[in-house]
Structures are given as structure tokens and as C-alpha cells.
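S.K.: Chains as they are written, first to last, in the working numbering: chain A, 196 to 428; chain B, 196 to 428; chain C, 196 to 428; chain D, 196 to 428; chain E, 196 to 428; chain F, 196 to 428.
From the three backbone atoms N, C-alpha and C, an ideal C-beta is built for every residue, glycine too.
Model, not experiment: these values are computed from the prediction.
Have a look at the structure that comes next, please.
Protein chains: 6
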Amino acid sequence: MKKLIKGLRDFKTNYFSTHTELFEQLAHGQKPRVLFISCSDSRVDPNLITQTEIGELFVIRNAGNIIPPYGAANGGEGAAVEYAIHALGIEQIVVCGHSHCGAMKGLLQLDKLQEEMPLVYDWLKHAEATRRLIKENYKSYQTEELLEIAIAENVLTQIENLRTYPVVHSRMYQGKLKIYGWIYHLETGEVLAYDPDSHSYVHPQSQLGEYDPLDGPVAGEFTVSNAPPPPIA
Amino acid sequence: MKKLIKGLRDFKTNYFSTHTELFEQLAHGQKPRVLFISCSDSRVDPNLITQTEIGELFVIRNAGNIIPPYGAANGGEGAAVEYAIHALGIEQIVVCGHSHCGAMKGLLQLDKLQEEMPLVYDWLKHAEATRRLIKENYKSYQTEELLEIAIAENVLTQIENLRTYPVVHSRMYQGKLKIYGWIYHLETGEVLAYDPDSHSYVHPQSQLGEYDPLDGPVAGEFTVSNAPPPPIA
Amino acid sequence: MKKLIKGLRDFKTNYFSTHTELFEQLAHGQKPRVLFISCSDSRVDPNLITQTEIGELFVIRNAGNIIPPYGAANGGEGAAVEYAIHALGIEQIVVCGHSHCGAMKGLLQLDKLQEEMPLVYDWLKHAEATRRLIKENYKSYQTEELLEIAIAENVLTQIENLRTYPVVHSRMYQGKLKIYGWIYHLETGEVLAYDPDSHSYVHPQSQLGEYDPLDGPVAGEFTVSNAPPPPIA
Amino acid sequence: MKKLIKGLRDFKTNYFSTHTELFEQLAHGQKPRVLFISCSDSRVDPNLITQTEIGELFVIRNAGNIIPPYGAANGGEGAAVEYAIHALGIEQIVVCGHSHCGAMKGLLQLDKLQEEMPLVYDWLKHAEATRRLIKENYKSYQTEELLEIAIAENVLTQIENLRTYPVVHSRMYQGKLKIYGWIYHLETGEVLAYDPDSHSYVHPQSQLGEYDPLDGPVAGEFTVSNAPPPPIA
Amino acid sequence: MKKLIKGLRDFKTNYFSTHTELFEQLAHGQKPRVLFISCSDSRVDPNLITQTEIGELFVIRNAGNIIPPYGAANGGEGAAVEYAIHALGIEQIVVCGHSHCGAMKGLLQLDKLQEEMPLVYDWLKHAEATRRLIKENYKSYQTEELLEIAIAENVLTQIENLRTYPVVHSRMYQGKLKIYGWIYHLETGEVLAYDPDSHSYVHPQSQLGEYDPLDGPVAGEFTVSNAPPPPIA
Amino acid sequence: MKKLIKGLRDFKTNYFSTHTELFEQLAHGQKPRVLFISCSDSRVDPNLITQTEIGELFVIRNAGNIIPPYGAANGGEGAAVEYAIHALGIEQIVVCGHSHCGAMKGLLQLDKLQEEMPLVYDWLKHAEATRRLIKENYKSYQTEELLEIAIAENVLTQIENLRTYPVVHSRMYQGKLKIYGWIYHLETGEVLAYDPDSHSYVHPQSQLGEYDPLDGPVAGEFTVSNAPPPPIA
Ligand SMILES: [Zn+2]
Ligand SMILES: [Zn+2]
Ligand SMILES: [Zn+2]
Ligand SMILES: [Zn+2]
Ligand SMILES: [Zn+2]
Ligand SMILES: [Zn+2]
């Protein structure tokens, strides 16, 4: 705790005092451009990995970057989504999973959680669509591969769930809301983005049309669809 | 979005490449020391204001830094609390409110939310203890003061709620878990911490016994109990 | 009631006695090919409008042909969807709305329901995504047009909801499940089917590649997208 | 799907075109006389077995013809019951079970469902009163007999549940609502009706005072009370 | 509080010391014969009005002597009913309403509760069947009469609700459980019991066949059915 | 039942006729001073053990004297708490556990309840904080000791839960509400009260400053904290 409290002082002395104008402006209201949904995991820092300033990201963080379907939960997720879109006018959502996610590990061994961590067990029901997909389609896979697939598929599951929210539904209908699926690989510092056309995770730059192939092939680039048998519908 | 994607590259090129050892180590597992519960508000960046490195804070973020009482919600809050304490062995929790909080503004005008943001409306039921306290005890106060009081009291409400969780209850019984209440004032860059003895928010340094009075009186130091009429039980 | 009881006898004497082989076979188990989801409305008879025999359609009927998102309700809808797909191996789902739907009329005047029909009011929360879309995008429309649009959009809302079910999610991933959106116009006896490519409701025959243009233009063909302003994302 | 789409055309060409007057009239509003609650099973077609026209039956269909007690579920069942009675003024309800019901088979082997069909498992909680009755009172019975008894008792359980709905309670108090319990035997094409006086299922004709004993004894007539030991209270 | 604490000492000194044998025996286990469900109201003391000893009544007390239908609530009511019947083998249940009941007064002015006592408001949903019955059938009655009718009808509503519990359903099927409806009139010290045959509240003695008519007519005897218009179904 | 009905007559003839003034006064409204929360157990009679008259205690009774956290249940507990404080202005709450409590026995063998008494099983989730505390901190204790500790700790758990209710929170803030934890030992007729300072259960007289040490040491006085290892936070 001492470290944190010392950090508070450093923040004020160093960072804050050199950004007074920004903070003054922010005191009049926030105008974030992106709703960023990520895991509570201490190794995921949304502002750090996107190198964004304070004021740029409206952030939801929970175990497993999960957004239950509309009406399925009365926790903070739905309220924050609604506030982000309706009150703040946010038009871009990123659902960001990450490698080595403990919540997804738990999802793959759900039975072990029930006695020791019943609330985690219950919470992961909202990722049951991910679990069932893995269980029914990846029977012969190794633990490590399964984890990678679960992480990647869960981002897509949560995007489906997001689409059931009235505010999301209405804004997407207007063409005014975009949802992105990302995976942050903490061992490489790399983020890959879901590409609906190829049903694979690719360099996000390539989606902006500014990807430079000279960067070469990406180690650990994740193609969901290379996992037999299931061609994605 | 372009800005974010460019940020991802900057992060990898600059930050990641200069911290490879840290990231390698973190890839083997996280060991955060603190569960940090804060608002989704884009102006609150837990790692920034505490000047902590990646890997140090396990973070829950939702609208209003609310933790519903145990059993009252099936959102991500309870699961993350349980995971933090049981799976990660975290022994310190910070509930961090902040000035100008939109969720707390909403709480003070709850009726206006029902039609436009029904999920926010429902979510704020978990801060009803704050709302009722304000309503019954601060009738003659101005909007701005009420907001400050609501922010300060809500941190205490959520700490009460936290105490109903079985994992919290058991660890507190063992004397192995501490819960801190903070308020981040974004216009001054200052964080004040709740002091149960004086029932007021004070410099957190003073709680560590290392507060230097030469810093002078704190502008905006918040004393809940200076609000008449109610002496705190 | 006398009429119904007389009908039971007629059924046995006439229909049953001339289909004994079919019933004998069905007594060994059902093998329906389609899960048909329609309104409880007495004017909608799934077997009649599809001219299917007994044994061909597994049927869910409720007010408004609504399927709440996964986890959002503990009524019979989810169980029947799960049973249809997992136990019966059904690979085709039809969500069938209908013109003059009382539930959709109720959705457009929701406030009037709360006192007199509170359960209907609560139930229609699962069509809130439809209501919000209509409210935010069709402000200047007439009641009758609004009803048509609500009926058409609600079918799409419920298809989104269906996609959040684990069994649906997994089977769609395998490419083994198709979901169709229909609207039955009871004043013309016509059924139109949603065409995702054109985002409009068209003759279902045209989707099978066997549509005969000599049939001429369809009176009442419903194009969701001809409603300004919102181009569908 | 081709078959269904061809059926739609046949329906319009044949049935609709010969009933235009009826459909025209129905376009102005439905006036069904009966709320018919039956299983989703493809072998149960309410209009067929009662030989009723379109417009006569308001229909709820789910797995197991279950109506959860008032307040116990937020699915479509309660809303449809409320709409039928309050909005449509329906004064007769039929709860119609059927032989070989898969939902009732599931109820008798509930534990097997939890992993594979968790939603069906949860849904059958609303038939727990049936399950407990069977379990505590029919220990030595064979599987097939148990299934028949479960089907018969479940109809009565659901009628008890129906009575807890405010609209039902109030209308029964006025003597303006009647609830009937039926079982459809799909191997004989026969429907038997529950007779509260004898606590057995009998020919529905006999209840109307027009039963002709020359029809002889009914094969498969089901007497709940012939099952020892429990005399019904 | 002083009074209570003094009372504790008096209890031990006087009552306990003269009943040591009873308490010794009870320390080995309770064997109550009756489950008594009454209001939390301080003027209702189940043991006092039935002149029963300690150990004779298993007691549920809440605002309004309400038992929500099975599955409709997760409060203590269902658990206590289940424990009484299954663990203790209780075969008699009394649902005891009382005159001047504040909960029933609240039920008749439900809207006034929502802001000030939202939990009471929500709780009274489980007496909605009573409220709707009153509202639809007693439009022209005076407040005081309405209250009496509400109290009397609510006892019957809760008995209906009780019947939906699996343990109740199964035991009633065996003929091993009886449910009684009582109303305690605190201004006369009299209890009347519901008589299903006459649909009225009568001297409970008369139900045991030991009623002495010399007692004369009962002031305040309550006949539900003398309230026009509705003959009870 | 005969005994009860005879008791009703005795009550009227004896008790009521000698307290007519009290009852007349009470007919105009109740003014209880204390909300008394105790177990449904037939051996616990709140009025008897406190030697209070009718009209003095507002009583909640359920299995295990449990008050779920605010928002965690929709049973009668929260409504009665709210009514007691807001409508009746009660300023003192007693949570009274008791020795040999069957609900607490169940809590210590929770798994055995799931099949036979599922509602009790679910209900005891609201005492999970007690169960987890016991399980994690009293591994080597004997059954009987565990039961005593569970009973004592559960009273404290429920007091924590009570504090999350908005009405409780607001009144405690005003210093106008006090909560007491008691344990009634039915084999000695003694009640001990929780003393926060010593974290032990003591003679309630001692808390009033009128405890006479000549009474000598109390057999069975219960010190929670004498149970190693956990010093209470
Ligand atoms: Zn994670
Ligand atoms: Zn905020
Ligand atoms: Zn309809
Ligand atoms: Zn069936
Ligand atoms: Zn009362
Ligand atoms: Zn007990």
C-alpha cells in the first residue's frame, strides 16, 4: 500500500502538474471515443497497450471480458454499455481478450470451480456459448491449444451478446456503431484483431489498409478457422 | 480507431521492447497485490494515478465503482472479487470513487434515467443505500455539494456491500484483508482516503504515519461528517 | 367446449383412422425437421400455413414469437430451443411473425400495459431492442406503418437473441443450423421471408432459386430498408 | 425447407383462396374461445386434434406443457395466459399433456440432463411438484407406468400453478373461467379428460352428459387413483 | 432494551426454572405439530393466541403472512415450509391473517409504497392475486370493508400458493397434510376459520363438530361470499 | 388441531378478557419498540423469552434467523425490515440465534440437503459467509463445537447483511438505529449478547452497566475469539 500511496504523490507531482490543461478540460466532462472491454487481469492495461491518454477510453473490466446477453445479468456490464452509447455517444467498442487468461482457463475446467469459487462458476455461465462450442468441436485438442481457441472464440461470443442490447441494436441499425474483437498477446506485446471476412485474427493495421507486408509473417497469428473440423457459418 | 491501432504499434515498439523481462515474467502468471475497483469513466486510469506497473493492479471497472451486495447481482463484480481473493490471494482492496462522476449524478436524478437508460437505472439500485442516505439526511443541500457527498458516501456503501461476500468475510475474520476507500479528485490530481476514526477523507500519507504537515492544508479535503445534521454511527 | 369435444371425436373417427400407419410410426418417436417459433395468436396455425403433416414441426408458441436472449429468462423458450437442437437434432429454425400482431401493438404502447397486464409488460422487455430501434429511427411514422415495421424488425431481433444460445452458437459454427425469418400476412395468406443480402422480406421461393417472376410484384412486400433514414449496418 | 416453402404456396392457393371470407374477418381481430396449452412435440397439433378452424384456439406451446407458478418465471407463459384472459376475454383453458412426452421422460431422469441440456434441466424445475409426487409415492413402479403417471399428474400440477395467476384467480372467483386437464394418446388418437370427482381421466364426452356407454370401456383409460398407495386429498 | 434484558432474566428465573423438564426434553429435538404462518405484526403472538407451549408451533412470520408461489421467491418462506414438512414431518399448516393488517392496507394503496418502501412494494407482488381479485370484484366498497375482504381473501390466496410447493403437493396427494385458513380479530380476541364448504369464515369449533350454538351469533363473523357480486368458483 | 382450537377459546376467555384495555388500544395501531429476528424453531418464542407483552415486538421468523443482503432475495425479510424501520420507526433490532439450530446443522452438511430439501439448500446460500468462515478457519473442530461457532458467527453474518439495507444504512448514519446479536441457549434458558469490543458473547446485563458479578461466571458463555487461530479484524 505504501507503494501505491507514494505513486499517488508521484502522479500529482509529475504527471498531473505537466498536464494541467488536459485535466482542467476533462473536469468539464469526458468525451471518450472508444468503449474498451477487457479482463480484470493485472497484465492488461488498456491505456498502456493502446498508448492512449486519460480521457480517451471508457473502460469495463471484469474477469474474462464478458458481456452477458441483454437481460441475463444485473451487474455493471449492461449499464456501462448503455451509458457509453447513450450518454456519451460512443461509436466504437473493442472487446479485448488476452493470452493466458485465467477466466478462460477456468471455463475449460468449470467443474473444479463450483466449490471453491462459486461466483466465478456462475459468472462463466455467460461464456457457456464459448464452452459448448469448444467442447463440441475441439475434442482432440491439447490444453494449451484449447485455451487459445477459447480466448479467441470467447471474444466473438461476447460480441454476439453485445448485439442483443437495445442501444447496440439500434445504433448498429443506423450504421453508427462498430464492434471490434481483439486479442492481446502479452508474451509478444502484440494485439491481433478479428477479421470477419477471413474469420481469423489478423494485424489490425491490415484492416485499416495500411498494413505493410514487409513486417513479415506474424508469430502467433491466430486463425480460428484453421482448426478443423468446423467451417464457420 | 486509427489512433488506437497506431498506439498498439507504439506500445510494442517502445514500451514492450524496453520491458521484455517484465513481460516474460508476467507470462508465467500474474501476482497483483491490490484489487482496484474504480469507475469506467475515461478520466480515471488506475495504473496512471497510482503510478503502478503492469502486473500490479487487478482491476474492476464499471459505472460508479459499485459492488452489489453478495447475491444481489450476477454480473462480473462478485466473480472478480472472489477470483482476486481466492485465486490470487490479494489482501488489499481499494474502492476508488472520483469527482464529477456521471453515475453519481445519475443517482441524484434517478427518475430521469428510467426511460432513456433503463439498465443504468436498474444498476444504480445497488447504490440505493447511498441515495436514501443522501435523500433523508441532506435535504437542503445544493446540487454540487450533494454530488460530492454522494461520491464520498457511495464509496462507504460499496465497502459495506463488499463485506457481505463470503471470501471477504472469511479473510477479514483472519485479519488478512484490508479495504480502503479513496476519492480521486480529477481537477487537482489528488486522492483522499477514508479515515474510519475521524469519519473523514484525508491524505492517504497521513494514514501511513508519514504525512508531512509542511504540505499545508489540503484544498478540497472532504469531511463527510462536517455535513450536519447526522453524526455517523 | 362441446365443439372441441365433438372435434376430438371427429379427429379420431376421420383423420386418425385414415392415418394409422403414420401415428403408429410416430408413437416410436418424433423426427421433426424444423423448429417453428410463432405467436400464440389464434390466427396463426403453423401446420396449416406450411401444409405440413403431424410430426414435421416442433413448435414454440408465445405472445409475439419472442425468444429472450440466453440467460435472460427462465421460461419455456430456451428449454424448447435446446431440446429441439440437442435432443432432436433439428437443423432449421423458422421465426415467424405475423401481421396484426397484438403483442407488437402492445410493444408500441408499452406504458398502457403496466397496470392492466403487468406480465405482458414484463415479457415485452425481451423485445425492447425492437422497441428502441423503432423509437429512435422511425419518429415520424404512422401507427399502422410502425406496426408493420415493428413486426418485421422483431423477427430480426429474436434471431439475434437466438444466436446467443450455446446450442445455437455451436451448431451455427459447424454450419449445421440455419435460421429463417418469416412474416405471415394473414390478410393475403402470404408468407414473406427475410433476405439478409437485400435486407428485405421477399418471396421465400426466390431464396430457393425457384422463384418465377411471372408471379408479378408482390402486394405488400415488405422492405425494411426502404424506411428512411437508417441504412442497415 | 423446400417442402415448407412449397407448402406455403399450396396453403395460399388452396386453403386460403377457399376461406377468404374467414381470413378477411379475422384480419379485423381474433376472438378465440379457448386457451390451449400443449407440448412443443411435433406429434401434437392442437387444431388438428380438436378439428378447429383457424381463429379458434389461442395456443401456448413449450416443452412439457408447463405453466410455472405466478412469479416463478419470466418467460412467455405468464404473459400469454394474462393476454388470453384479460385482453381476449377467454373463459376456457385446456392444459393438454400427451403420451410419450419427451419432457416428462426427462423429468424422470433429471440428473442426466444437467450437463447436456442445462436449460431443459432448469425448465423442469417448474414440474418439480410432479417429480416429487412420483418419487415419493410410486417407488416400485416400472419406467413405462411411471411415465404415464408423470404425464397425467403433470397436467394437474400445471393446473395448480395456473391458479396462482392473478387474472386466473380473479376470474375463477367470478365463476367465469374453467380449466380442463387433457391427455392426448397419440397411439390411439384418443383424448381423455381429467374428472375431479373421480380423480381419473375419462372420456370428455362423459363430462358433457352425452357419453354413450355403448362405446364400451376405453382401452388405456387412465385412472390416476388406481395407483396405490395414495388416495388423493 | 433494558426492559427486554430484564425480561430475559425474569424468563430464566421464573418460567424456565419451573419448566426445566420440558426444556431438557426439547434440547434433544423439536417435535412441533403445526406450521403456523402469521404476520410480523407485534399484536399477533401465535403462542399466546393458541395458548400453546414452547415446542408446539413451528413459526413463519413476515409482513402480511405471505407465502410466494413455489419458485417465485428466494426468501425464507419456501425453505421453512420445506423444512417443516420434510424434516419435521408436520402435517398441519395454519395461515393466519389478522384484522388491521398494515401489509394489507399497503396492498390496497400499492402506488404510495413504491418510493418510500420499495421492498414492501415488491414483496406485495406475491399478494397480487388478492389485489386483482379485490380490484376487479369490489369496486364500490368502502375502505374499511375492502380491508376486511383483502385480509380474508389473502389468506386464501396464500393457501393456493402453498399448494404449488412440491413437498406440499406430494403430502396432500397422500392425504397427510391439511391447510387451515384463519383470521385473528384483535379487537375481539376471536379467531375465525375458513370453511371451504360454505366459503365463509366460521368458528373453528364448528369445524370440529363441537360448536355450541349457545355461544350465539358471532359479532364480526366474516362471510366472504356475502359480498356481491361474485359467487366463488 | 383440537388442542389449538381449544387454546383459542382459552385465550379469549382468560387472557383477552383480562387485557381488554390493552387490546382496545392496540386496535388503533401497533407501536413496537423492537424488531426481533429469530428462527422458526418451535423452541424459540420471542415474547416468552423476553417476557414482553403483545404489541412490543415486531417479529421476523424463518429457518436460521437469516436476513439476505439487500437485493439478494425477494422474500419477506427485506420488506419486514423496511416496514419496521420506515413505517413503524423502530430503532432497535435483535438478531437472535439459538442453540441446537437445525438450519445451522444443515449449513454444516450442506451437500446432504440438495436432493431432499432443495429450497433449504438454496436458502442457506444467504449464510454462505458463515459457512465459508467456518470451513476456512475451523478445520479441526468437532461437530458440536462447529455447530456452536456456526450459530454464533451466523448472527454476526446476518448483522453484516442487515447493514446493506438502505433504510438501515441511513438510520445508522443518523445514529438512530442499534443492532444487537443474541444467542438463546435453550438448555439453560439463558441469552447471551454479542459484545463488539471483546468480540465475545456476554451477559446482556453487562452491556447495560448493571451486571452484577456476584452472579458468578456464566456456564456456557461463548467467546467466539477463543477459537484459534483467527483474531477478528
Ligand atoms: Zn483474463
Ligand atoms: Zn464515475
Ligand atoms: Zn401475435
Ligand atoms: Zn411432450
Ligand atoms: Zn399484518
Ligand atoms: Zn433454528
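1) CA-CA distance, Gln369(E) and Pro391(D)?
2) Decide if His223(B) is buried, meaning its Cβ has at least 16 other Cβ atoms within 10 Å, or exposed.
3) By DSSP, does Val363(B) sit in helix, in strand, or in coil?
4) When the Cα atoms are used, what is the spatial distance from Glu219(F) to Phe211(F)?
5) Mind pulling the chain C residues with CB within less than 9 Å of Asn174(D)?
6) Examine chain A for any beta-carbon lying closer than 9 Å to the beta-carbon of Gln287(C), and answer yes or no.
7) Below 9 Å between beta carbons: does that hold for Ile262(D) and Ile232(D)?
8) Against Glu331(A), what residues of chain C qualify as contacts under a CB-to-CB distance less than 7 Å, listed in chain order?
9) To the nearest whole angstrom, what separates the beta carbons of Tyr359(C) and Tyr265(C), a pair I think is in contact under 8 Å?
10) Does Lys198(C) pass the burial test, meaning 16 or more other C-beta atoms within 10 Å, or should it be called exposed?
11) Taking the C-alpha atoms as reference points, what is the distance between Phe206(F) and Pro241(E)?
12) Run through the stretch 200-264 of chain A for me and flag every whole beta strand (DSSP E) of 3 or more residues, listed as ranges in chain order.
13) Return the first residue and the last residue of the beta strand (DSSP E) that Leu387(E) is part of.
14) Once you ignore the five residues that flank Leu381(F) on each side, which residues in its own chain have a CB closer than 7 Å to its CB?
15) Please confirm whether Gly250(F) and Thr247(E) have their CB atoms less than 9 Å apart.
16) Just to be sure I understand the criterion: a residue counts if its Cβ is closer than 6 Å to at least one heavy atom of ligand 4. Which residues meet that?
17) For the beta strand (DSSP E) that contains Ile378(C), what are its first and last residues?
18) Is there at least one Cβ from chain C nearer than 9 Å to Ser395(D)'s Cβ?
19) Got a sec? Which residues, its chain only, sit under 6 Å from Pro377(B) by beta carbon, not counting five neighbours each side?
20) Relative to chain C, which residues along the stretch 351-362 of chain A have a C-beta separation below 8 Å, given in chain order?
21) Should Gly301(A) and Leu319(A) be called a contact, given that it needs their Cβ atoms to be closer than 9 Å?
22) In the DSSP assignment, find the alpha helix (DSSP H) that holds Ile354(F) and state where it starts and stops.
23) Ends of the alpha helix (DSSP H) at Gln287(B)?
24) With distances taken from CA atoms, which of Glu355(F), Ile344(F), Ser365(F) is nearest Tyr396(F)?
25) Can you pull the chain D neighbours of Gln400(C), defined as C-beta to C-beta under 8 Å?
26) State buried or exposed for Asp236(C), treating a residue as buried only when at least 16 other CB atoms are found within 10 Å of its CB.
27) Taking only three categories from DSSP, how would you classify Ser393(E)?
28) Cβ of Val254(D) within 8 Å of any heavy atom in ligand 3?
29) Is the Cβ-Cβ distance between Ala324(E) and His364(D) less than 9 Å?
30) What separation, rounded to the nearest whole angstrom, lies between the Cα atoms of Gly273(F) and Gln353(F)?
31) How would you list, in chain order, the residues of chain D whose beta-carbon sits under 7 Å from the beta-carbon of Leu328(E)?
32) Just to confirm the assignment, what range does the alpha helix (DSSP H) spanning Gln309(A) have?
33) For Asn209(F), count the other beta carbons within 10 Å of its own beta carbon; 16 or more makes it buried, fewer makes it exposed. Which is it?
34) Give me the Cβ distance between Leu158(A) and Val276(A), rounded to the nearest whole Å; I'm assuming they're in contact under 8 Å.
35) Do Lys334(C) and Met196(D) have their beta-carbon atoms positioned less than 9 Å apart in this structure?
36) If the criterion is Cβ atoms closer than 9 Å, does the pair Cys234(D) and Ala268(D) meet it?
M.R.: So, from the data block:
1) As a working note, residue 369(E) is residue 174 in the fifth sequence. As a working note, residue 391(D) is residue 196 in the fourth sequence. Approximately 16 Å, taken between the alpha carbons.
2) Start at 1 with the first residue of the second sequence, and residue 223(B) comes out as number 28. Answer is exposed; the Cβ neighbour count stays below 16.
3) Counting from one through the second sequence, the residue named residue 363(B) turns up at place 168. In this structure, DSSP gives Val363(B) a helical state, which the three-state scheme calls helix.
4) Taking the sixth sequence and counting its residues from 1, one reaches residue 219(F) at position 24. Taking the sixth sequence and counting its residues from 1, one reaches residue 211(F) at position 16. Rounded to the nearest whole angstrom, the C-alpha separation of Glu219(F) and Phe211(F) is 10 Å.
5) Since the first residue shown for chain D is 196 and the last is 428, residue 174(D) is missing from the structure and cannot be characterised.
6) By one-based count along the third sequence, residue 287(C) stands at place 92. Cβ-Cβ to chain A under 9 Å: no for Gln287(C).
7) Taking the first residue of the fourth sequence as position 1, residue 262(D) is located at position 67. Taking the first residue of the fourth sequence as position 1, residue 232(D) is located at position 37. Cβ atoms of Ile262(D) and Ile232(D): closer than 9 Å.
8) Translated into positions along the first sequence, residue 331(A) becomes position 136. What Glu331(A) touches in chain C: Ser365.
9) Counting from 1 along the third sequence, the entry for residue 359(C) is found at position 164. Counting from 1 along the third sequence, the entry for residue 265(C) is found at position 70. Sequence inspection shows Thr at residue 359(C); the Tyr mentioned does not correspond to that position. Going by Cβ atoms, the distance from Thr359(C) to Tyr265(C) rounds to 4 Å, so yes, they are a contact pair.
10) Your numbering for residue 198(C) matches position 3 in the third sequence. Exposed, by the Cβ-count rule.
11) Residue mapping note: residue 206(F) aligns to position 11 of the sixth sequence, counting from 1. Residue mapping note: residue 241(E) aligns to position 46 of the fifth sequence, counting from 1. Each residue's Cα considered, the two are about 11 Å apart.
12) Listed in chain order, the complete beta strand (DSSP E) runs (minimum 3 residues) inside the stretch 200-264 of chain A are 229-234, 252-257.
13) Position 192 of the fifth sequence, counted from the first residue, corresponds to residue 387(E). Leu387(E) -> beta strand (DSSP E) spans 385-390.
14) Residue mapping note: residue 381(F) aligns to position 186 of the sixth sequence, counting from 1. Taken in chain order, the residues that qualify are Arg238, His293, Ser294, His295.
15) Numbered from 1 along the sixth sequence, position 55 holds the residue referred to as residue 250(F). Numbered from 1 along the fifth sequence, position 52 holds the residue referred to as residue 247(E). No, the Cβ-Cβ distance between Gly250(F) and Thr247(E) is not below 9 Å.
16) Every residue passing the under-6 Å Cβ criterion appears here: Cys234(D), Asp236(D), Gly259(D), His293(D), Cys296(D), Gly297(D), Ala298(D).
17) The residue labelled residue 378(C) in the question sits at position 183 within the third sequence. Where Ile378(C) is concerned, the enclosing beta strand (DSSP E) stretches over 373-380.
18) On the fourth sequence, position 200 is the one that residue 395(D) refers to. Not one chain C Cβ lies under 9 Å of Ser395(D).
19) Position 182 of the second sequence, counted from the start, is the residue given in the question as residue 377(B). The amino acid occupying residue 377(B) in the given sequence is Trp; Pro does not appear at that position. Listed in chain order, the non-local C-beta contacts of Trp377(B) below 6 Å within the same chain comprise Val289, Cys291, Val386, Ala388, local neighbours out to five positions each way being set aside.
20) Listed in sequence order: Thr352, Glu355, Asn356, Arg358, Thr359, Tyr360, Pro361, Val362.
21) Stepping through the first sequence from its first residue, residue 301(A) is reached at position 106. Stepping through the first sequence from its first residue, residue 319(A) is reached at position 124. Yes, the pair counts as a contact, with Cβ atoms nearer than the cut-off.
22) One-based indexing of the sixth sequence puts residue 354(F) at position 159. Element bounds for Ile354(F): 338-357.
23) Counting from 1 along the second sequence, the entry for residue 287(B) is found at position 92. It is not in any alpha helix (DSSP H) - Gln287(B) instead sits in the beta strand (DSSP E) that spans 287-293.
24) Here residue 396(F) refers to the residue found at position 201 when the sixth sequence is read from its first residue. Nearest C-alpha to Tyr396(F): Ile344(F).
25) Position 205 of the third sequence, counted from the start, is the residue given in the question as residue 400(C). The contacting residues are Ile200, Arg204.
26) Counting from one through the third sequence, the residue named residue 236(C) turns up at place 41. By the C-beta density criterion, Asp236(C) is buried, having at least 16 other C-beta atoms within 10 angstroms.
27) Counting from 1 along the fifth sequence, the entry for residue 393(E) is found at position 198. If DSSP states are grouped into helix, strand and coil, Ser393(E) belongs with coil.
28) Translated into positions along the fourth sequence, residue 254(D) becomes position 59. Because no heavy atom of ligand 3 lies under 8 Å away, the Cβ of Val254(D) does not count as near it: no.
29) Position 129 of the fifth sequence, counting from 1, holds the residue named residue 324(E). Position 169 of the fourth sequence, counting from 1, holds the residue named residue 364(D). Yes. Within cutoff.
30) Your numbering for residue 273(F) matches position 78 in the sixth sequence. Your numbering for residue 353(F) matches position 158 in the sixth sequence. Taking the straight line from one Cα to the other gives about 12 Å.
31) One-based indexing of the fifth sequence puts residue 328(E) at position 133. Within chain D, the residues whose beta carbon sits less than 7 Å from that of Leu328(E) are His364, Ser365, Tyr368, listed in sequence order.
32) Here residue 309(A) corresponds to residue number 114 of the first sequence, with the count starting at 1. 308-311 is the extent of the alpha helix (DSSP H) around Gln309(A).
33) Reading the sixth sequence from its first residue, position 14 is the one you call residue 209(F). That one is exposed.
34) The requested residue 158(A) does not occur in the structure, where chain A is confined to residues 196 to 428.
35) As a working mapping, residue 196(D) is identified with position 1 in the fourth sequence. As a working mapping, residue 334(C) is identified with position 139 in the third sequence. At the C-beta level, Met196(D) and Lys334(C) stay beyond 9 Å of one another.
36) As a first step, residue 234(D) is located in the fourth sequence; it is residue number 39 there, counting from the start. As a first step, residue 268(D) is located in the fourth sequence; it is residue number 73 there, counting from the start. Not a contact, by the Cβ cut-off of 9 Å.
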